[in-house]
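Beneath this line is the structure, given in structure tokens, with notes to follow.
There are 2 protein chains.
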Amino acid sequence: VLERQFRYPVDAVMVEFPAGKIDPGEDTLACAKRELFEETGYTAAQWVRAGVLHPVISYSTEFIDIWFARGLTAGERKLDAGEFLDVFAATPADLLQWCRDGRVTDAKTLTGALWLQNVLSGAWALDWRADAP
Amino acid sequence: VLERQFRYPVDAVMVEFPAGKIDPGEDTLACAKRELFEETGYTAAQWVRAGVLHPVISYSTEFIDIWFARGLTAGERKLDAGEFLDVFAATPADLLQWCRDGRVTDAKTLTGALWLQNVLSGAWALDWRADAP
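Residue numbers (this note's numbering), protein chains in the order written: chain A, 62 to 194; chain B, 62 to 194.
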């Protein structure tokens with residue numbers, strides 16, 4: 062599940078994985094579930110944490126945890142006021158092609174593509190667990 | 062060729078590909094050559110641009126061009142004043158393992174690993190060209 066969203070800083074519509082900022086006191090799994098639901102309407106039966114990236118280690122403490130979700134159920138999304146984005150499904154092959162041809166240049170999405178490729182090939186196993194209620 | 066460098070913002074020694082900021086008026090290939098030489102002492106016989114990443118599309122115009130270099134010749138590096146980093150060689154398999162186990166979390170290096178994996182597998186071809194003098 063991907064999103065198309067206009068990003069003012071780079072003045073372009075970017076293809077991205079769903080993501081968002083942690084609320085105060087929220088853990089990253091809760092944040093991942095909330096952002097997936099708010100932005101796409103999907104809930105997931107299983108979640109697993111893959112890894113973390115630091116977008117700009119030269120000047121920021123910012124980090125992004127990467128979570129995989131499966132067993133998706135579609136629902137009604139709840140966008141923030143002023144948030145506009147398209148949600149669409151793509152195959153892993155399409156996503157990787159877009160990483161190659163420059164249509165995907167967002168760091169968290171490129172890193173997610175590295176994980177997706179290696180998880181799907183069986184090279185990197187994930188420890189899936191059922192979602193707590 | 063990788064580097065280990067202490068990064069104050071994340072308070073850790075990070076494993077990274079060589080990289081650096083563009084000087085005024087410099088193109089990204091000239092920058093890549095200069096940074097590779099200054100930080101590692103290596104010069105390369107051939108260069109090719111792979112792609113670009115945007116580390117933080119939500120709040121910055123920052124971009125990082127990814128360049129591949131081959132035909133490396135070792136020389137004497139020229140670190141900036143106050144710059145301290147270790148240079149070392151690693152196999153692609155080691156690098157990918159470190160991306161998986163969380164030893165590599167730097168966005169540009171993770172994205173470089175995605176490119177390296179697909180270039181080495183033959184999935185993504187690069188158009189190598191000899192370095193202009």
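Glycine is no exception: its CB is placed at the ideal position from the N, C-alpha and C atoms.
Alpha carbon to alpha carbon, how far is residue i from residue j?
i	j	result
residue 166 of chain A	residue 139 of chain B	31 Å
residue 136 of chain B	residue 62 of chain B	14 Å
residue 106 of chain A	residue 126 of chain B	38 Å
residue 65 of chain A	residue 71 of chain B	30 Å
residue 149 of chain B	residue 77 of chain B	10 Å
residue 142 of chain A	residue 157 of chain B	40 Å
residue 195 of chain B	residue 175 of chain A	Because chain B is modelled from 62 through 194, residue 195 of chain B falls outside the range shown and cannot be assessed.
residue 133 of chain B	residue 85 of chain A	48 Å
residue 144 of chain B	residue 103 of chain A	46 Å
residue 83 of chain A	residue 89 of chain A	7 Å
residue 116 of chain B	residue 116 of chain A	5 Å
residue 119 of chain B	residue 124 of chain A	13 Å
residue 93 of chain A	residue 183 of chain B	34 Å
residue 162 of chain A	residue 177 of chain A	18 Å
residue 155 of chain B	residue 155 of chain A	27 Å
Take residue i as the anchor and find which of the options has the nearest alpha-carbon.
i	options	result
residue 95 of chain A	A:109, A:79, A:110	A:79
residue 146 of chain A	A:82, A:101, A:91	A:101
residue 151 of chain B	B:143, B:160, B:144	B:160
residue 189 of chain A	A:73, A:89, A:110, A:170	A:110
residue 73 of chain A	B:121, B:81, B:97, B:182	B:121
residue 153 of chain A	A:168, A:181, A:162	A:181
residue 97 of chain B	B:81, B:117, B:183	B:81
residue 112 of chain A	B:168, B:123, B:117	B:168
Chain B partners of residue i, CB-CB under 9 Å?
i	result
residue 101 of chain A	Under the 9 Å cutoff, chain B gives no residues; its nearest Cβ is about 17 Å from residue 101 of chain A.
residue 168 of chain A	114, 115, 116, 117, 118, 125, 168, 169, 171, 172
Going along the chain, which residues of its own chain have a beta-carbon closer than 6 Å to the beta-carbon of residue i, five neighbours each way excluded?
i	result
residue 185 of chain B	179
residue 170 of chain B	77, 78
residue 68 of chain A	75
residue 87 of chain B	none
Is the beta carbon of residue i sitting closer than 8 Å to the one on residue j?
i	j	result
residue 108 of chain B	residue 91 of chain B	no
Sorted by chain position, which residues of the same chain lie with C-beta nearer than 7 Å to residue i's C-beta, five sequence neighbours on each side aside?
i	result
residue 172 of chain A	114, 127
residue 192 of chain B	105, 106, 107, 108
residue 14 of chain A	With chain A covering only 62 through 194, there is no way to say anything about residue 14 of chain A.
Which residues in chain A have a C-beta closer than 7 Å to the C-beta of residue i? List them in chain order.
i	result
residue 185 of chain B	161
residue 71 of chain B	115, 118, 122
residue 175 of chain B	160, 171, 174, 175
Who are the neighbours of residue i on chain A, taking C-beta pairs under 8 Å?
i	result
residue 146 of chain B	Under the 8 Å cutoff, chain A gives no residues; its nearest Cβ is about 12 Å from residue 146 of chain B.
Give me the chain D residues within the contact set of residue i, using Cβ-Cβ distance strictly less than 9 Å, ordered along the chain.
i	result
residue 65 of chain B	As a matter of chain content, chain D is missing from the structure shown, whose protein chains are A and B.
Kindly list, in the order they appear in chain A, the residues whose Cβ is closer than 9 Å to that of residue i.
i	result
residue 164 of chain B	Result: empty, since nearest Cβ-Cβ is about 10 Å, beyond 9 Å.
residue 110 of chain B	Correct list: empty, because the minimum Cβ distance to chain A is about 10 Å.
Which residues in the same chain have their Cβ closer than 8 Å to the Cβ of residue i, if we skip the five residues on either side of it in sequence?
i	result
residue 187 of chain A	109, 111, 129, 180
Taking Cβ-Cβ distances shorter than 8 Å, what residues in chain B pair up with residue i?
i	result
residue 95 of chain A	The contacting residues do not exist; residue 95 of chain A stays about 17 Å from chain B at best.
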